[in-house]
Amino acid sequence: MNPLTAIAQANAGFLLLIATTITWYIAARAALDALPPARAMNPLMRAVAHWVPIAALALYGIWSNRPEVAVTVVFATSVAALSLVLGILILSGAVGEASAEARRPWGLIAPVAMMTFLAGFKGHFTATHALIFLIEGAVVAYLMSPQVARNGPAAVSGPPREASLRSLQFLLAIAVALLGAWLGAMTTDRMATSAHFLTREFVTAAMLSPALMLPMIGTGSELVHEGRFDTAVSSLVSVVLLNLCLLLPVMILFSLVVTARGNMTLNVSFQSALLDASPLFVPMTAWRIDNVFLIVLGMALIPISIGRWALGRTEGVLVLLVYTFYLALVARAAVM
């Protein structure tokens, strides 16, 4: 066998991880660049652009019968956003003082994370949970609507041709994100077969999730250097809220549909199969570790959101240490 071929086969998992990271980075930057200038500084719209690869992997995980990957990526990227990315952004430049209006949504993460924790006690998410999460998301959207209206106009001005090209670019970004999702799923499979402790959950939490957050580090650092630290943090918070209040319930319902289609037979209709479909499984690692860390990080953001505490370099180092501790617990759970 050719030596280069042998090396490539031995490191196929890491080569796939590199390819996946590059693909997701391109997808996120393309989606962000597709935003009109009037919306480019809107934290929610920036979050949606960075959220596209996360949603692609989660939904592809459900469709390809990898529910542990789908659920883990929702919680693990949320933890990474509020610890790894936030810590790097704090240490990357001067932290300006955010306005009270910009800080207000930061305090919404704790109650949302607590709701998902309570829903996961039985080890699965049902359609009822999905409905509750969607209602919760509607309330969050209502509370955030003044900030969204202030940071960006509802109407997008510009030549029709430019608007069409931006829409096409955004669709191409989604297609690239789906390619990255396929590569990411292959990465989890390849690495899970290379060592017993490299489970799909561990690979997703410790490797794929930081890769998904990498574009936010780059674009967030640019915002910090421009003196828009509040926009960078609000984008991180928006990604977490999109994960828990929109992506998670959509995954639950999509899982029921996929399961029902798989259980259909000549004697079993889709409606009957849908009623008997199994709920979405919740990995214990995601529930006991990721969700708990989300609650803790969300609670830490409450005094900051009401102006009782300010972020500084000490807090930046602390949240990075929290993420290191999180990775250690995930690795220990994988070994056990």
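For the sequence shown, the positions run 1 to 336 when my numbering is used.
Here a beta-carbon is modelled for each residue, glycine too, at the ideal position from N, C-alpha and C.
Is residue i buried or exposed, if buried means 16 or more other CB atoms sit within 10 Å of its CB?
| i | result |
| --- | --- |
| residue 50 | buried |
| residue 143 | exposed |
| residue 136 | buried |
| residue 261 | exposed |
| residue 314 | exposed |
| residue 24 | buried |
| residue 199 | buried |
| residue 37 | exposed |
| residue 121 | exposed |
| residue 336 | exposed |
| residue 267 | exposed |
| residue 155 | At residue 155, the pLDDT of 45 sits below 50, so the modelled position is not reliable and the matter cannot be decided from this model. |
| residue 128 | exposed |
| residue 213 | buried |
| residue 145 | exposed |
| residue 193 | exposed |
| residue 278 | exposed |
| residue 119 | buried |
| residue 75 | buried |
| residue 317 | exposed |
| residue 216 | buried |
| residue 269 | exposed |
| residue 153 | A caution first: residue 153 carries a pLDDT of 47, below 50, which makes its placement in the model too unreliable to give a value. |
| residue 280 | buried |
| residue 125 | buried |
| residue 131 | exposed |
| residue 284 | exposed |
| residue 227 | exposed |
| residue 138 | exposed |
| residue 157 | No answer about residue 157 holds up, because its pLDDT of 47 lies below 50 and its placement is not dependable. |
| residue 324 | exposed |
Identify every residue that forms a DSSP beta bridge with residue i.
| i | result |
| --- | --- |
| residue 125 | 280 |
9 Å is my cut-off, CB to CB: does residue i come that close to chain C?
| i | result |
| --- | --- |
| residue 291 | In the structure shown, chain C does not exist; there is a single protein chain. |
Terminal residues of the continuous alpha helix (DSSP H) containing residue i?
| i | result |
| --- | --- |
| residue 11 | Note, residue 11: premise wrong, no alpha helix (DSSP H); not H, not E. |
| residue 353 | No answer is possible for residue 353: the residues shown for the chain start at 1 and end at 336. |
| residue 114 | 109-119 |
| residue 96 | Unbroken run through residue 96: none, as it is neither H nor E. |
| residue 67 | 67-80 |
| residue 43 | 43-63 |
| residue 301 | 291-305 |
| residue 236 | 229-242 |
| residue 288 | First-last for residue 288: undefined, no H or E at that position. |
| residue 262 | 248-263 |
| residue 324 | 313-335 |
| residue 272 | 270-275 |
| residue 200 | 200-203 |
Check whether the Cβ of residue i lies closer than 8 Å to any heavy atom of the ligand MG, and answer yes or no.
| i | result |
| --- | --- |
| residue 307 | With respect to the ligand MG, the structure offers nothing, as it holds no ligand at all. |
**Message:** Under 8 Å, with one C-beta from each stretch per pair, do the stretch 180-194 and the stretch 54-68 reach the 3-pair mark?
**Reply:** Under the Cβ criterion (8 Å, minimum of three pairs), the stretch 180-194 counts as touching the stretch 54-68.
**Message:** Whether or not the stretch 198-218 and the stretch 97-107 are in contact is what I'm after, with contact meaning three or more pairs of Cβ atoms, one per stretch, closer than 8 Å; do they touch?
**Reply:** Contact fails between the stretch 97-107 and the stretch 198-218, because fewer than three Cβ pairs, one in each stretch, are under 8 Å apart.
**Request:** State whether the stretch 163-172 contacts the stretch 287-296, with contact taken as three or more CB pairs (one from each stretch) at a distance under 8 Å.
**Result:** Flag = no, the stretch 163-172 and the stretch 287-296 do not touch.
**Request:** Indicate whether the contact test is met: 3 or more Cβ pairs, each with one atom in the stretch 67-74 and one in the stretch 260-279, closer than 8 Å.
**Result:** Too few Cβ pairs lie closer than 8 Å, so no.
**Asked** At a cut of 8 Å, does the stretch 35-52 reach the stretch 222-236 through at least three beta carbon pairs?
**Response** Yes, since at least three Cβ pairs between the stretch 35-52 and the stretch 222-236 fall closer than 8 Å, the two stretches touch.
**Prompt:** Do the stretch 301-311 and the stretch 102-110 meet, that is, are 3 or more Cβ pairs less than 8 Å apart?
**Reply:** Remark: three or more beta-carbon pairs, one from each stretch, lie closer than 8 Å, so the stretch 301-311 and the stretch 102-110 are flagged as touching.
**Prompt:** Would you call the stretch 80-96 and the stretch 270-290 in contact, with 3 or more CB pairs under 8 Å?
**Reply:** Flag = no, the stretch 80-96 and the stretch 270-290 do not touch.
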